[in-house]
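K.L.:
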Amino acid sequence: MADDCDPADVFALLDDEYARSLLAATSHEPMTAPALSDQCEMSLSTVYRRLEQLEGCGLVDAEVVPDPDGDHRKRYEAQLDELLVSLDDGQFEVSLRTDSSTAEYADAFTDLWEGL
Amino acid sequence: MVEPQAIAEVVSVLELLVGLAITGLAFQGYRRNRSRAMLFLGGGIATMTVVSLVVIVVVAFFSSASARMVGLASSLTNLVGMCLILYAIVLARRE
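Line by line, the protein sequences give chains A and B. Going by this note's numbering, the first residue of the first sequence is number 343, and it counts up by one from there. Going by this note's numbering, the first residue of the second sequence is number -7, and it counts up by one from there.
1. Which residues does DSSP pair with Leu460 of chain A in a beta bridge?
2. Please tell me whether Glu456 of chain A has its Cβ less than 8 angstroms away from any Cβ of chain B.
3. Does DSSP put Ala404 of chain A in a helix, in a strand, or in coil?
4. Only counting the same chain, and skipping five residues up and downstream in sequence, which positions put a Cβ closer than 7 angstroms to that of Phe434 of chain A?
5. Counting C-beta neighbours from all protein chains within 10 Å, is the total for Gln(-3) of chain B 16 or more, i.e. buried, or is it exposed?
6. Cutting at 8 angstroms between CB atoms, please list the residues of its own chain near Glu7 of chain B, excluding the five before and the five after it.
7. Using a 10 Å radius around the Cβ and a threshold of 16 neighbouring Cβ atoms, would you call Val352 of chain A buried or exposed?
8. Would you please verify whether the beta carbon of Ala448 of chain A is less than 8 angstroms from any beta carbon of chain B?
9. Ala59 of chain B and Ile48 of chain B: beta carbons closer than 8 angstroms?
10. Do you know offhand how far Phe32 of chain B's Cα is from Ala18 of chain B's?
11. I'd like to know whether the C-beta atoms of Asp372 of chain A and Glu405 of chain A end up nearer to each other than 8 angstroms.
12. Less than 6 angstroms between C-beta atoms, sequence neighbours within five positions excluded: which residues of the same chain meet that for Gly73 of chain B?
13. Taking C-beta to C-beta, are Leu364 of chain A and Leu393 of chain A nearer than 8 angstroms?
14. Does the beta carbon of Leu33 of chain B come closer than 8 angstroms to any beta carbon on chain A?
15. Contact check, Val402 of chain A vs Tyr418 of chain A under 8 angstroms by CB: the rounded distance?
16. Between which two residues does the alpha helix (DSSP H) holding Arg86 of chain B run?
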């Protein structure tokens, strides 16, 4: 979780329908803002605004993909696997568990076993 | 000349590490996908690798049991592990 991110910001983002659909859409594969605008049926400016907030809290990560046309597009990917909210001594604390590399293998293992 | 005993110890440690890795993946799969089948599979693999090794070490070094008793303890542990895996197969069909 980004250090300068207040737990209240995270709660507000998760309460926001747009932010949630952006998170859901980018959880499968990295996507560009225009593609997200199309898929989630929201304006490009809303997409950019929400992505900026999500990125600020470390909930999504952006990577720049070099384009042969020289048009470098950012692709966004959700960095959220599990969110833990704890209340300790009057202080809310939010910690983020991101997808680890073993998560993929664990899921594949589960699919394999459940496919028996 | 490498002692067979030393090789056996290295192999045991490798067995423990690989067992732990598969167990870890199974438990992560259980946590991520709420799959009870994976919980039992992980339990079974852990029993047959980690627990089995612990049982052997404990029985062999901390009791005066004969080699045959150590073998029996190890077989019993593996039996329990296999039962857990069998149950995981049943659960996988049901879920």
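Glycine included, C-beta positions come from ideal geometry on N, C-alpha and C. Small disclaimer: the values here were computed from a predicted structure and weren't measured.
P.N.:
The short version:
1. What the structure shows of chain A is the stretch from 343 to 458, and residue 460 of chain A is not part of that stretch, so it cannot be assessed.
2. Here residue 456 of chain A refers to the residue found at position 114 when the first sequence is read from its first residue. Closer than 8 angstroms: yes.
3. Position 62 of the first sequence, counted from the start, is the residue given in the question as residue 404 of chain A. Secondary structure of Ala404 of chain A (DSSP, three-state): strand.
4. As a first step, residue 434 of chain A must be located in the first sequence, where it is residue number 92. Cβ neighbours of Phe434 of chain A beyond the five flanking positions: Pro349 and Val427.
5. Position 5 of the second sequence, counted from the start, is the residue given in the question as residue -3 of chain B. Gln(-3) of chain B comes out exposed.
6. As a position in the second sequence, residue 7 of chain B is number 15, starting the count at 1. Excluding sequence neighbours, Glu7 of chain B sits near Thr41 and Leu45.
7. In the first sequence, counting from the first residue as 1, residue 352 of chain A sits at position 10. So Val352 of chain A ends up on the buried side.
8. In the first sequence, residue 448 of chain A corresponds to position 106, counting from 1. Judged by the 8 angstroms Cβ criterion, Ala448 of chain A is in contact with chain B.
9. Translated into positions along the second sequence, residue 59 of chain B becomes position 67. Translated into positions along the second sequence, residue 48 of chain B becomes position 56. No, these two residues do not count as a Cβ contact at 8 angstroms.
10. Counting from one through the second sequence, the residue named residue 32 of chain B turns up at place 40. Counting from one through the second sequence, the residue named residue 18 of chain B turns up at place 26. The alpha-carbon atoms of Phe32 of chain B and Ala18 of chain B are separated by roughly 9 angstroms.
11. What you label residue 372 of chain A is simply residue 30 of the first sequence in a count that begins at 1. What you label residue 405 of chain A is simply residue 63 of the first sequence in a count that begins at 1. Note that residue 372 of chain A corresponds to Pro in the displayed sequence, not to Asp. Yes, Cβ-Cβ distance for Pro372 of chain A and Glu405 of chain A is below 8 angstroms.
12. In the second sequence, counting from the first residue as 1, residue 73 of chain B sits at position 81. Same-chain partners within the cutoff: Gly36, Thr39 and Met40.
13. Locating residue 364 of chain A in the first sequence gives position 22, where the first residue counts as 1. Locating residue 393 of chain A in the first sequence gives position 51, where the first residue counts as 1. Yes.
14. By 1-based counting over the second sequence, the position of residue 33 of chain B is 41. Taking Cβ atoms only, chain A reaches closer than 8 angstroms to Leu33 of chain B, which makes this a yes.
15. Looking up residue 402 of chain A in the first sequence gives position 60. Looking up residue 418 of chain A in the first sequence gives position 76. With a Cβ gap of about 5 angstroms, Val402 of chain A and Tyr418 of chain A count as contacting.
16. In the second sequence, counting from the first residue as 1, residue 86 of chain B sits at position 94. That run of the alpha helix (DSSP H) goes Ala59 to Arg86.
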